[in-house]
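If you read the sequences in order, they're chains A and B. For the record, in the first sequence the residue sitting at position 148 is 148 according to the working numbering, with numbers rising by one throughout. Residues are numbered in the working numbering as their position in the second sequence, beginning at 1, plus a constant of 1000. Just so you know, even glycine gets a beta-carbon here, dropped at the ideal spot from N, CA and C.
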Amino acid sequence: MNTLFQNAFKTAYNWVDERLNIGDAIAFAGKKTVPEHKHSFWYYWGGISMFFFIVQCLTGVLLMIYYRPGAEAYESVRQITNEIKFGWLIRSVHSWSANLMVLAIFIHMFSVFFMKAYRAPREFGWWSGVALLVLTTIFGFSGYLLPMDELAYFATKVGLGIPGSMPGASVLVDLVRGGAEVGDATIQRFFTLHVVVLPALFVPLLGFHLWLVQKHGNAIPPSEELTPVSERRSIPFFPNFFAKDLAVWLIALNVLAVLAALFPWDLGKQADSLSPAPVGIHPEWYFMSSFQILKLFGRWFPGTLGEVLGILVFNLGLVLWMLVPLYDRESPSGVKARRVTYFGLAVLAITLITTFWGYWEV
Amino acid sequence: MSNSPDQKSNEENAPLTRRTFILAGAGVAAGACYAAAMGYPVYRYLADPSERAQSAVAVKEVFLKDADKLPVGTAMMFKFGVKPALLIRHAENEWTALTAVCTHLACTVQYDQNKKHIFCACHGGVYDAKTGANVSGPPPKPLAKFQVAPAQGGLTISLT
């Protein structure tokens, strides 16, 4: 019986293998190795980010089954949350997973920065990664409006108001908003952006990002480069690292399930364009830092000057951050690039301080 | 667990050891638990509208306001629960109410005033307008009939 089953399996496998050459792929995955050292922990965060993205795709499709953009947006989300069986859970998982995905990407980005994994030949990995983060925040911003409750409404008004205050940008903002006010037209646009345009940009870019990881392999940090090649340790990608990756995904799944089930995502009051903004309104935590920086510049330089300066400084910082592989001239030679590390620490510190400051002032 | 040397060598040669069998079994069981924990909410979420429709099917009686003003020789459509139904007025006090779902492939049937029969446009099935009996074409069964009773300001249609 056993051999009969094995023979059948072997025949089927050979039939497929002759056509698709799975053997080559498995041999390739077996040859690929992942370095193992005291900083290996940080290698998992890209995979964790991708896991949450996959969860977003699956739960997003489920939400789309009952969600109705436009005038009925709030009512349809209310039905999903209160009436349709397990709708609250699907929505809660989507919201929690979105936040965890942003968090995982931030951790992934800072660990790549401090391990200097952006160095040649991995510059495009860094750039595509920053682009994926930017797309992720636009995903977050556009998705936040879709339930059209009070918080969503005012967050979108304020978020679009920031670039709107830049000279010449108001035409563009009106185009994004679909009019002078946030309304049904805005929801329809943001929905299209959220479920069609952004995925169409994100998925190929993610493919490129992953292909680069395949091509160049995992980078090792400068501290490990001091270890002689013969003493460096590594494990095969398949099945060893792959199995560890799966175990980490399982942990991520459990964390997500516990958070989504025990702390179900709230739905606020329906947005009303005539009611005043609720007290204590604030942006999502991942926009808090940039929001607070803009607020501070507005305080230091009253009027339009403060807003324009704030936006300029913020964008300059983002460009400097993106260009780090080009001006970090010390790391490539194996010398520890202290200045770049300090720059990264400063960015991390400013991000954390302004985030907490923002919450403090709410 | 103590194994005699013979058993041990046997296990090593066998393609499936007890250890891998138990591990694989535990893995499959855990995987099944996760699949069920995720699959059940997703199933209930997707099945919600059809579950609601089933409770609507439990309707036993509907009241049609002003249906008694229907001109003789004509018909009207109404909803019995979630399904379309057909009310025909043959004469002053002669009514027929039937389910309007064709017994062939569930198209909605219609009343032909000239030929005085019910027919289905999808595959040409024909039913008797008074009894609902399948007369010609592909329908395998007659249309189910409802009871019609005059009531204040309209008609009451109920299951027979």
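Below-9 Å beta-carbon distance, residue i vs any chain A residue
{"i": "SER1002 (chain B)", "result": "The pLDDT assigned to SER1002 (chain B) is 42, lower than 50, so where the model puts this residue is not dependable; a value taken from the coordinates is nonetheless given after this. Output row for SER1002 (chain B): interface = no."}
{"i": "LEU1016 (chain B)", "result": "yes"}
{"i": "ALA1024 (chain B)", "result": "no"}
{"i": "ALA1037 (chain B)", "result": "yes"}
{"i": "TYR1034 (chain B)", "result": "yes"}
{"i": "ASN1010 (chain B)", "result": "Reliability of the predicted coordinates at ASN1010 (chain B) is poor, the pLDDT of 47 falling under 50, and the value obtained from them is presented with this limitation in mind. No, its Cβ sits nowhere closer than 9 Å to a Cβ of chain A."}
{"i": "GLU1051 (chain B)", "result": "yes"}
{"i": "PRO1005 (chain B)", "result": "Any reading at PRO1005 (chain B) must be qualified, since the residue scores a pLDDT of 47, below 50, and its modelled position is unreliable; no value is offered."}
Under 8 Å from the C-beta of residue i: neighbouring residues of chain A
{"i": "VAL1042 (chain B)", "result": "LEU62, PHE86, ILE90"}
Within chain A, the residues that residue i reaches when beta carbons sit closer than 9 Å
{"i": "ASP1048 (chain B)", "result": "TYR66, GLU83, ILE84, LYS85, PHE86, GLY87"}
Of the listed residues the options, nearest to residue i (C-alpha basis)
{"i": "PHE1078 (chain B)", "options": "B:THR1131, B:VAL1042, B:ALA1100", "result": "B:ALA1100"}
{"i": "TRP357 (chain A)", "options": "A:THR81, A:GLY317, A:HIS282, A:ALA219", "result": "A:HIS282"}
{"i": "PHE314 (chain A)", "options": "A:ILE162, A:LYS32, A:TRP15, A:PHE241", "result": "A:ILE162"}
{"i": "PRO1138 (chain B)", "options": "B:GLY1124, B:LYS1130, B:ALA1029, B:PRO1049", "result": "B:GLY1124"}
{"i": "THR1131 (chain B)", "options": "B:VAL1082, B:GLN1054, B:LEU1098", "result": "B:LEU1098"}
{"i": "PHE208 (chain A)", "options": "A:SER128, A:VAL195, A:PRO167", "result": "A:SER128"}
{"i": "LYS269 (chain A)", "options": "A:GLU150, A:SER76, A:VAL77", "result": "A:GLU150"}
{"i": "PRO366 (chain A)", "options": "A:TYR74, A:ALA131, A:LEU352", "result": "Examination of residue 366 (chain A) is not possible in this model, given that chain A is present from 1 through 362 alone."}
{"i": "LEU63 (chain A)", "options": "A:GLY70, A:PHE53, A:SER76, A:PHE52", "result": "A:SER76"}
{"i": "VAL1148 (chain B)", "options": "B:GLY1025, B:ALA1121, B:LEU1159", "result": "B:LEU1159"}
{"i": "HIS216 (chain A)", "options": "A:SER223, A:TYR342, A:TRP126, A:TYR359", "result": "A:TRP126"}
{"i": "ARG68 (chain A)", "options": "A:THR192, A:PHE287, A:VAL258", "result": "A:THR192"}
{"i": "HIS1104 (chain B)", "options": "B:ALA1024, B:ALA1037, B:TYR1127", "result": "B:TYR1127"}
{"i": "GLY303 (chain A)", "options": "A:PHE5, A:PHE53, A:SER165", "result": "A:SER165"}
Interface residues of chain A facing residue i [CB-CB closer than 7 Å]
{"i": "TYR1045 (chain B)", "result": "LEU62, ILE84, LYS85, PHE86, GLY87, ILE90"}
Cβ distance (whole Å) where residue i is taken to contact residue j below 8 Å
{"i": "ILE235 (chain A)", "j": "VAL34 (chain A)", "result": "6 Å"}
{"i": "GLY280 (chain A)", "j": "VAL182 (chain A)", "result": "Actually they do not touch by this definition, with Cβ atoms about 20 Å apart."}
{"i": "VAL173 (chain A)", "j": "ILE48 (chain A)", "result": "Going by Cβ atoms, the distance from VAL173 (chain A) to ILE48 (chain A) rounds to 34 Å, so no, they are not a contact pair."}
{"i": "TRP285 (chain A)", "j": "THR355 (chain A)", "result": "7 Å"}
{"i": "LEU226 (chain A)", "j": "ILE187 (chain A)", "result": "At roughly 55 Å, the Cβ-Cβ gap does not stay under 8 Å, so LEU226 (chain A) and ILE187 (chain A) are not in contact."}
{"i": "GLY1154 (chain B)", "j": "ASP1048 (chain B)", "result": "Not really, about 33 Å apart at Cβ, beyond 8 Å."}
{"i": "PHE291 (chain A)", "j": "LEU309 (chain A)", "result": "That pair is no contact at about 15 Å."}
Contact with chain B by residue i, beta-carbon distance below 9 Å
{"i": "LEU253 (chain A)", "result": "yes"}
{"i": "ALA12 (chain A)", "result": "no"}
{"i": "ASN2 (chain A)", "result": "yes"}
{"i": "LYS244 (chain A)", "result": "no"}
{"i": "ALA8 (chain A)", "result": "no"}
Any C-beta of chain E under 9 Å from that of residue i
{"i": "ALA257 (chain A)", "result": "Of the protein chains in the structure, A and B, none is chain E."}
Residue i: CB within 8 Å of a non-hydrogen atom of the ligand ATP
{"i": "LYS1145 (chain B)", "result": "As far as ligands go, the structure on display features none, and thus does not contain the ligand ATP."}
### Task
Write down every uninterrupted run of the alpha helix (DSSP H) in the segment 242-277 of chain A whose length is 4 residues or greater and which is fully enclosed by it, in chain order.
242-262
#### Entry: Uninterrupted alpha helix (DSSP H) stretches inside the segment 6-93 of chain A (no shorter than 4 residues)
22-31, 45-64, 73-82
### Query
If you scan the segment 186-222 of chain A from start to end, which runs of the beta strand (DSSP E) of 3 or more residues do you find wholly inside it?
none
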